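Visitor: With this note's numbering as the guide, the letters of the sequence shown map in order to residues 441 to 813. Where a beta carbon is used, it is the ideal one built from N, C-alpha and C, also for glycine. These numbers come from a predicted model, not from an experiment.
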Amino acid sequence: MPVSNKHKFVFAGDVVCEKQPQFSKALKELFETAVVKSCNFEAPIQGYGKAIDKTGPLVAQNENAAKWIQELGFNCFSLANNHINDYGKEALLKTMEQFPESEILGVGNTDKAYGLKTKTIDNTIYGFLAYGENGYGALNADREFGHAWINAKRVNNDIQEYRKQVDVLIVQIHAGVELLDVPIPEWKDRYHELIDLGVDVIVAHHPHVVQGIEEYNGKLIAYSLGNFYFDYPSNHPQWNIGGLLELDFDEKKLTSYKLNIIEKRGQLIELKDDDYSQNFVNPLSKKLNDKDYEDYVNKKAVEDWEKHHASYYAKPFNGLSDYSLGKLLKHAKRSIFNRSVNYNLIWHNLFIESNKWLVERAIRIKTFGKNRS
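1. How big is the Cα-Cα spacing for P484 and G809?
2. Closest to W508 by CA distance: which of C479, K727 and E703 is it?
3. Pull up the distance between the alpha-carbon of G638 and that of Y602, whole angstroms please.
4. According to DSSP, is S464 part of a helix, a strand, or is it coil?
5. Could you tell me which uninterrupted alpha helix (DSSP H) segments, each at least 4 residues in length, are contained entirely in the region 502–580, listed from first to last along the chain?
6. Would you kindly work out how many angstroms separate the C-alpha atoms of V649 and G616, rounded to a whole number?
7. First and last residue of the beta strand (DSSP E) that includes D636?
8. Rounded to whole angstroms, what's the CA-CA distance from L569 to L769? Just pull it up for me.
9. From the DSSP secondary-structure annotation, give me the bridge partner or partners of H614.
10. According to DSSP, what are the bridge partners of A662?
11. Tell me, which residues are paired with R705 by DSSP?
12. Hey, quick one: how far does the beta strand (DSSP E) through N681 stretch, first residue to last?
13. Grab the span of the beta strand (DSSP E) containing V455 for me, first residue to last.
14. Secondary structure at S764, three-state DSSP: helix, strand or coil?
15. Compute the Euclidean distance between the alpha carbons of I702 and F514, then round it to the nearest angstrom.
16. Who are the Cβ neighbours of N574 in its own chain at under 8 Å, not counting the five residues just before and after it?
17. Which class does N667 belong to by DSSP, given the choice of helix, strand or coil?
18. Take W745 and list the residues in its own chain whose beta-carbon comes closer than 6 Å to its own, dropping the five residues that flank it on each side.
19. Skipping 5 residues on each side, what residues in its chain have a beta carbon closer than 6 Å to that of H749?
20. Which residues in the same chain have their Cβ closer than 6 Å to the Cβ of G567, if we skip the five residues on either side of it in sequence?
21. In whole angstroms, give me the CA-to-CA distance for P540 and C516.
22. Under 8 Å between the Cβ atoms of Y554 and R594?
23. Please state whether DSSP places S696 in a helix, a strand or coil.
24. Do we get a CB-CB distance below 8 Å when we pair I709 with the residues of chain B?
25. Within a Cβ cutoff of 6 Å, which residues of the same chain sit near K529, ignoring the five residues on either side of it in sequence?
26. Below 8 Å between beta carbons: does that hold for L685 and L699?
27. Among I681, S464 and S780, whose alpha-carbon lies nearest the alpha-carbon of G453?
28. How about I408 and Y576: do their beta carbons lie closer than 8 Å?
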């Protein structure tokens, strides 16, 4: 009997479980047809380690989260993300122990985090890698245990070498500007570079909202799958809307793909129908190459600067970005009770790529205007 080389994979976005997720009937049926089912496991399990010193929220998930996710059928887990080190090495190690070692990507010591995982199905060798942007857990020379960094010097050479060892190379990346519905050009360029080096499919997450999909040089980039199941409070209207990427391979090539839309309602994750998904995704994909794409990003960069980053740059030195009554009162309080420099916040501003690149855009526009090249 001839060997079939037709294989379906599904990729989900960010997962943080405080309660046990449940699948709708349609979502269960889709999962049953896939041989690889992957998600981004966004944070360590609770009860281990201690909170690290960082800027931004500290996130952990239910001690049963890994078990729940595996019971739903997931069998490939990216742990390379900005919250996985929130409670230090002990919590990360304990979280890694919840999964078969062969199924976790992008974390550990340097060799393990940057190492290639392969899965041979019939006679096709699939390769899997996972990276995150810079952050408090990134292996960027600040630590010896954490998550693989997408802009580490070794990454380009690694990908070229790994390309020779597999038939299909799939890379997951946790990066981007949160709550922005398009990738900024700097990430778009970086993902194009990785495709040119030999990656077949890039699956990205982190912005917490869905972004579009793009074919580039015959390969596929899904820029953000958003949240799959994220038990963390937010008022954003798309916080509980996510993407589920469906990939079909035949004879060692990607033959078709579809970005399905899912919605979390309480503990239930529902799969939206094809019309709903297309009407949701197609406008996002169109934005990627629209003539106004970069103007749109620049506008959002300035808005983000005025809403968040200006005060981020003032706060480390107990300064002010504007002179509203509330800001003045907070400044007076800080001046009396907290006179130290917040180096964590400075690091957060300067070394996490999405923050740095967005601010650079805003400052150029504020200084020189939108037509500055």
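Guide: So, from the listed chains and residues:
1. For the purposes of this step, residue 484 is identified with residue 44 of the sequence shown, where counting begins at 1. For the purposes of this step, residue 809 is identified with residue 369 of the sequence shown, where counting begins at 1. Cα to Cα, P484 sits roughly 43 Å from G809.
2. Numbered from 1 along the sequence shown, position 68 holds the residue referred to as residue 508. Residue C479 is the option with its Cα nearest to W508.
3. Reading the sequence shown from its first residue, position 198 is the one you call residue 638. Reading the sequence shown from its first residue, position 162 is the one you call residue 602. Between G638 and Y602, the C-alpha separation is close to 9 Å.
4. In the sequence shown, the residue the question calls residue 464 occupies position 24. DSSP, read as helix, strand or coil, puts S464 in coil.
5. Secondary structure within the region 502–580: the alpha helix (DSSP H) runs of 4 or more consecutive residues, fully enclosed, are 505–511, 528–536 and 550–554 (chain order).
6. The residue given as residue 649 occupies position 209 in the sequence shown. The residue given as residue 616 occupies position 176 in the sequence shown. So the alpha carbons of these two residues sit roughly 10 Å apart.
7. For the purposes of this step, residue 636 is taken as the residue at position 196 of the sequence shown. Element bounds for D636: not the beta strand (DSSP E) but the alpha helix (DSSP H), P625 to L637.
8. Counted from its first residue, the sequence shown places residue 569 at position 129. Counted from its first residue, the sequence shown places residue 769 at position 329. C-alpha separation (whole angstroms): 48 Å.
9. Counted from its first residue, the sequence shown places residue 614 at position 174. Answer is G572 and H645.
10. Translated into positions along the sequence shown, residue 662 becomes position 222. According to DSSP, which records beta bridges pairwise, A662 is partnered with V643 and I653.
11. Within the sequence shown, residue 705 is the residue found at index 265, counting from 1. Per DSSP, L708.
12. Counting from one through the sequence shown, the residue named residue 681 turns up at place 241. With the sequence shown as reference, residue 681 is identified as Ile, and Asn is not the correct amino acid for it. Per DSSP, the unbroken beta strand (DSSP E) holding I681 starts and ends at I681 to D690.
13. Counted from its first residue, the sequence shown places residue 455 at position 15. Per DSSP, V455 belongs to the beta strand (DSSP E) from H447 to V456.
14. To locate residue 764, count along the sequence shown from 1; it is residue 324. The answer is coil: DSSP assigns S764 none of H, G, I, E or B.
15. For the purposes of this step, residue 702 is identified with residue 262 of the sequence shown, where counting begins at 1. For the purposes of this step, residue 514 is identified with residue 74 of the sequence shown, where counting begins at 1. Straight-line Cα distance between these residues: approximately 16 Å.
16. For the purposes of this step, residue 574 is identified with residue 134 of the sequence shown, where counting begins at 1. Excluding positions up to five away in sequence, the list reads N580, W589, N591, F791, I792 and E793.
17. Position 227 of the sequence shown, counted from the first residue, corresponds to residue 667. In the structure shown, N667 sits in a strand (DSSP, three-state: E or B).
18. Position 305 of the sequence shown, counted from the start, is the residue given in the question as residue 745. Contacts found: A802.
19. Within the sequence shown, the letter at position 309 stands for residue 749. Within the same chain, H749 has close Cβ partners V799.
20. To locate residue 567, count along the sequence shown from 1; it is residue 127. Only L556, T558, Y602, V606 and L609 meet the Cβ criterion.
21. Counting from 1 along the sequence shown, the entry for residue 540 is found at position 100. Counting from 1 along the sequence shown, the entry for residue 516 is found at position 76. P540 and C516 have their C-alpha atoms some 9 Å from each other.
22. Here the question's residue 554 lines up with position 114 in the sequence shown. Here the question's residue 594 lines up with position 154 in the sequence shown. Against a cut-off of 8 Å, the Cβ pair of R594 and Y554 comes out as a contact.
23. Walking along the sequence shown from the start, residue 696 turns up at place 256. Strand at S696.
24. Judged by its chain identifiers, the structure shown contains no chain B, having just a single protein chain.
25. If you number the sequence shown from 1, residue 529 lands on position 89. F585.
26. Mapped onto the sequence shown, residue 685 falls at position 245. Mapped onto the sequence shown, residue 699 falls at position 259. Yes, these two residues count as a Cβ contact at 8 Å.
27. In the sequence shown, residue 453 corresponds to position 13, counting from 1. Of I681, S464 and S780, the smallest CA-CA separation from G453 is found for I681.
28. This structure leaves residue 408 out entirely; the chain is present only between 441 and 813.
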